[in-house]
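In the working numbering, the protein residues as written are 380 to 618.
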């Protein structure tokens, strides 16, 4: 499978503290790649460094092109999008307006925006039902759907998701991650940081275990689910 994103020996620091140390990974076209690990392992920092949202050393390539000189906005234009852990919605604006803001850089492409609205509402029918409702009044699961939908308004090639299940009930987690798996069918590649390792590895084509800012283990989702150390440390009992 051809590689959409290649990360080669990427490091990122906060002052004198190195949070990510020489991490190398890849995301193929149409793949879901999961990054699991303990709190404080550097997972969110890694996504921000790949997105260009913080200084880093090493190389990030997108479709074979080095992104060393590309800022966040330029990476978005290439087709990269990050959905942060805090979702960062506008609570006093409607669902539809939040989605429209997500597609702001495409505002002159009216036909494309209509197509994106149809895609988002098809994937998340509840957002269509609540399109006039203020985002601040949505449930936690609906807010996460809106955060995903807003990112999809850009028609990204790769979507980086930071803890999409955070704070959600188990039934809602399954619904959200099923939706994430459905994005693969739309041709969107996914780089997924997820504390719920079992749920993430169930939908992942490939995965990495990040500990102390470094990759300690990698393999297919199935291989990592069956790995004794991963199972004992991160998976717990099946639910």
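Just so it is clear, CB atoms sit at the ideal spot from N, CA and C, and this is done for glycine as well.
(message) Using the three-state DSSP reduction, which class does residue 399 fall into: helix, strand or coil?
(response) strand
(message) Suppose you measure from the CA of residue 493 to the CA of residue 534; what does that come to, to the nearest Å?
(response) 12 Å
(message) With three or more beta-carbon pairs closer than 8 Å as the criterion, would you say the stretch 414-430 touches the stretch 580-588?
(response) yes
(request) Following the continuous alpha helix (DSSP H) through residue 423, name the residue where it begins and the one where it ends. (result) 422-430
(message) Here's the rule: buried if 16 or more other CB atoms are within 10 angstroms of the residue's CB, otherwise exposed. What is residue 470?
(response) exposed
(request) Take residue 594 as the anchor and find which of 421, 395, 382, 384 has the nearest alpha-carbon. (result) 421
(request) For the stretch 387-401 and the stretch 560-568, state whether three or more C-beta atom pairs, one from each stretch, are separated by less than 8 Å. (result) no
(request) Indicate whether residue 587 and residue 404 have their beta-carbon atoms separated by less than 7 Å. (result) yes
(request) Given a cut-off of 7 Å, decide if residue 543 and residue 574 are closer than it, judged by their beta-carbon atoms. (result) no
(message) One question on the structure: do residue 539 and residue 570 come within less than 7 Å of each other, judged by their Cβ atoms?
(response) yes
(request) Pull up the DSSP beta-bridge partners for residue 632, would you. (result) There is simply no residue 632 to check, as the chain begins at 380 and stops at 618 in what is shown.
(message) Three Cβ pairs or more, each shorter than 8 Å: is that satisfied between the stretch 427-447 and the stretch 456-463?
(response) yes
(request) State the Cα-Cα distance for the pair residue 491 and residue 502, rounded to the nearest angstrom. (result) 17 Å
(request) Report the rounded CA-to-CA distance for residue 617 versus residue 468, giving the unit in angstroms. (result) Its pLDDT being 48, under 50, residue 617 is placed unreliably in this model, and the value from its coordinates should be taken loosely. Going from the Cα of residue 617 to the Cα of residue 468 covers about 33 Å.
(message) Suppose you measure from the CA of residue 381 to the CA of residue 440; what does that come to, to the nearest Å?
(response) 13 Å
(request) Note the first and the last residue of the continuous beta strand (DSSP E) segment covering residue 386. (result) 382-393
(request) Quick one: residues in its chain with C-beta nearer than 7 Å to the C-beta of residue 398, no 5 flanking neighbours on either side, listed in chain order? (result) 391, 392, 421, 424, 592
(request) Can you tell me which of the three DSSP states residue 503 falls into? (result) coil
(message) Only counting the same chain, and skipping five residues up and downstream in sequence, which positions put a Cβ closer than 6 Å to that of residue 497?
(response) none
(message) Using a 10 Å radius around the Cβ and a threshold of 16 neighbouring Cβ atoms, would you call residue 521 buried or exposed?
(response) buried
(request) Return yes when the Cβ of residue 426 is within less than 7 Å of the Cβ of residue 408, no when it is not. (result) no
(request) Quickly, what does DSSP pair residue 569 with across the bridge? List them, please. (result) 411, 538
(request) Determine the DSSP secondary structure at residue 546, reduced to helix, strand or coil. (result) coil
(message) DSSP three-state label for residue 459, please.
(response) strand
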